[in-house]
Amino acid sequence: MTTVHAYTGDQNLVDGPHTDMRRARASAANITPSSTGAARATGLVLEAMKGKLDGTALRVPVPDGSITDFVGVLKRDVTVDEINAAFKAAATSGPLSKVLVFTDEEIVSSDIIGQPASCTFDSKLTMAMGNLVKVLGWYDNEWGYSNRLVDLVQVMANAAK
488 MTTVHAYTGD QNLVDGPHTD MRRARASAAN ITPSSTGAAR ATGLVLEAMK GKLDGTALRV
548 PVPDGSITDF VGVLKRDVTV DEINAAFKAA ATSGPLSKVL VFTDEEIVSS DIIGQPASCT
608 FDSKLTMAMG NLVKVLGWYD NEWGYSNRLV DLVQVMANAA K
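Note that the working numbering numbers the sequence shown so that position 144 is 631, with each residue one more than the last.
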């Protein structure tokens, strides 16, 4: 899994000192390879995924709007249409419908700024070769995360009643 992430406040806008030499470089002028905790965190939240996921991050010179590129091997062969139908169904109803949006529009990073969902699944980018699949999902790292914090506070408040 690769997250292509807008640069963050942890990076320098111009070349300067930083403990991570890549992050020491000008974030507004470079694609910066970095680490991501997303793959490891997934294994902590979903026990079945523990040890089965790894990833990297690319910080890119945009102020907001990020995308995750996920490649997986499934137990059976699938088609692009099957994958897209499954994501569309999940985005339409069920427990993921609040945090997952399905799009068949040809969007770019600035199109999802302000999107409260955690993922805008981009069906136009889905690929499948037998049981090898690639899916991509856009997210507004700041606003989507803030919305999930609000959800968490609401759960905690309801539990305290």
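Virtual Cβ for every residue (Gly too), placed ideally from N, Cα, C. Given the structure is predicted, the values throughout are model-derived calculations rather than measurements.
Nearest residue (CA-CA) to residue i, options the options
{"i": "His-492", "options": "Asn-634, Ala-647, Leu-623", "result": "Leu-623"}
Boundaries (first-last residue) of the beta strand (DSSP E) holding residue i
{"i": "Tyr-626", "result": "619 to 626"}
{"i": "Ala-544", "result": "543 to 547"}
{"i": "Met-614", "result": "614 to 616"}
Exposure of residue i, with buried meaning 16 or more beta-carbon neighbours within 10 Å
{"i": "Thr-495", "result": "exposed"}
{"i": "Tyr-626", "result": "buried"}
{"i": "Asp-507", "result": "exposed"}
{"i": "Leu-587", "result": "buried"}
Rounded separation between residue i and residue j - CA only
{"i": "Thr-579", "j": "Asp-502", "result": "45 Å"}
{"i": "Gly-631", "j": "Gln-602", "result": "7 Å"}
{"i": "Lys-539", "j": "Leu-531", "result": "11 Å"}
{"i": "Ser-514", "j": "Gly-542", "result": "20 Å"}
{"i": "Gly-617", "j": "Ala-572", "result": "17 Å"}
{"i": "Phe-614", "j": "Ala-647", "result": "The amino acid at residue 614 is misidentified as Phe; the sequence shows Met. Cα to Cα, the separation comes out at about 45 Å."}
{"i": "Leu-619", "j": "Asp-556", "result": "13 Å"}
Delimiting residues of the alpha helix (DSSP H) encompassing residue i
{"i": "Ala-576", "result": "567 to 579"}
According to DSSP, residues forming a beta bridge with residue i
{"i": "Ala-528", "result": "According to DSSP, which records beta bridges pairwise, Ala-528 is partnered with nothing at all."}
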